[in-house]
Amino acid sequence: ALIIGYTGPGPVVLGALGLGLIAAFGMSNRRWLGVVLSSRGMRYSTNVGTVILSLLGILIFLNVLAYRYHYRLDLSSEGLHSLSPQTLSVLEDINRAGEKITVTAFAPPQSGYRAVIEKQMDLYQYHSRYLDFEFVDPDVHRELAESKGITRNPSVLFELGDNRSIVTDIDEPHFTAALLAVRQTHSR
Numbered sequence: 152a153l154i155i156g157y158t159g160p161g162p163v164v165l166g167a168l169g170l171g172l173i174a175a176f177g178m179s180n181r182r183w184l185g186v187v188l189s190s191r192g193m194r195y196s197t198n199v200g201t202v203i204l205s206l207l208g209i210l211i212f213l214n215v216l217a218y219r220y221h222y223r224l225d226l227s228s229e230g231l232h233s234l235s236p237q238t239l240s241v242l243e244d245i246n247r248a249g250e251k252i253t254v255t256a257f258a259p260p261q262s263g264y265r266a267v268i269e270k271q272m273d274l275y276q277y278h279s280r281y282l283d284f285e286f287v288d289p290d291v292h293r294e295l296a297e298s299k300g301i302t303r304n305p306s307v308l309f310e311l312g313d314n315r316s317i318v319t320d321i322d323e324p325h326f327t328a329a330l331l332a333v334r335q336t337h338s339r
């Protein structure tokens, strides 16, 4: 009851009564309890319990480490889940410069392109925290799409300050070229 959030007097009273009955049983059966606790089976059970608790503690510790310090490893032979060295170099330059680049993907929710764009941007965002990414439904936000110069679905808009680059081909070379385009015109 305490775990699910019920904090009335009932669970506390019943819990205290249960602990009191366990203590009374232990006091009235001291001799039997001493024999049971010193038996070979109890020692074996204690060792097994200690090993289980130790393994559980190690698993919790590893889980906390994995949550704080995660690392991706691409084991596919074609490198499907990693970026090219050139793209990594561009993202490293963005990180060094600290330039916040806004990436807006204009694609309808039912479009199959959304998953592809999201997967691609996930790879980019893993390597750079300076990329802000969002989806916009161009059918619902037609005025925004028109004001940004979006004429095709899907389109991905890269913005840095007043500089814009629109990509309609959803792949790494075009995304990286768009990043370079908005950065080069911005630095000039």
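Counting with the numbering used here, you get residues 152 to 339 for the letters of the sequence shown.
Built from N, CA and C at the ideal position, the CB exists for glycine as well.
Between the Cα of residue i and those of the options, spot the shortest distance and give me the residue it belongs to.
i: Arg303; options: Pro324, Ala256, Phe326; result: Ala256
i: Pro324; options: Ser235, Asp225, Arg293; result: Ser235
i: Gly312; options: Phe326, Val254, Arg265, Pro260; result: Val254
i: Leu231; options: Arg182, Ala174, Trp183, Asp273; result: Asp273
i: Tyr277; options: Ile211, Gly200, Leu210, His221; result: His221
i: Pro305; options: Pro260, Phe284, Leu165; result: Pro260
Tell me whether residue i sits in a helix, a strand or coil according to DSSP, three-state version.
i: Leu224; result: coil
i: Ser338; result: Residue placement at Ser338 cannot be trusted, given a pLDDT of 46 that sits under 50; what the coordinates show is reported in the next sentence. Three-state result, Ser338: helix.
i: Ala256; result: strand
i: Arg303; result: coil
i: Val333; result: helix
i: Leu231; result: coil
Please classify residue i as buried or exposed, where buried requires at least 16 other C-beta atoms within 10 Å of its C-beta.
i: Gln271; result: buried
i: Arg334; result: buried
i: Leu242; result: buried
In terms of residue numbering, what span does the alpha helix (DSSP H) encompassing residue i cover?
i: Ala248; result: 236-248
i: Leu282; result: Element bounds for Leu282: not the alpha helix (DSSP H) but the beta strand (DSSP E), 282-287.
i: Asn214; result: 191-219
i: His341; result: With the chain covering only 152 through 339, there is no way to say anything about residue 341.
i: Val187; result: 181-188
Looking at the unbroken beta strand (DSSP E) that takes in residue i, where does it start and where does it end?
i: Thr316; result: According to the sequence provided, residue 316 is Ser. The question's Thr does not apply to it. Start and end: 314-318.
Does residue i have its Cβ less than 8 Å from a Cβ in chain B?
i: Leu234; result: Any reference to chain B falls outside this structure, which holds one protein chain only.
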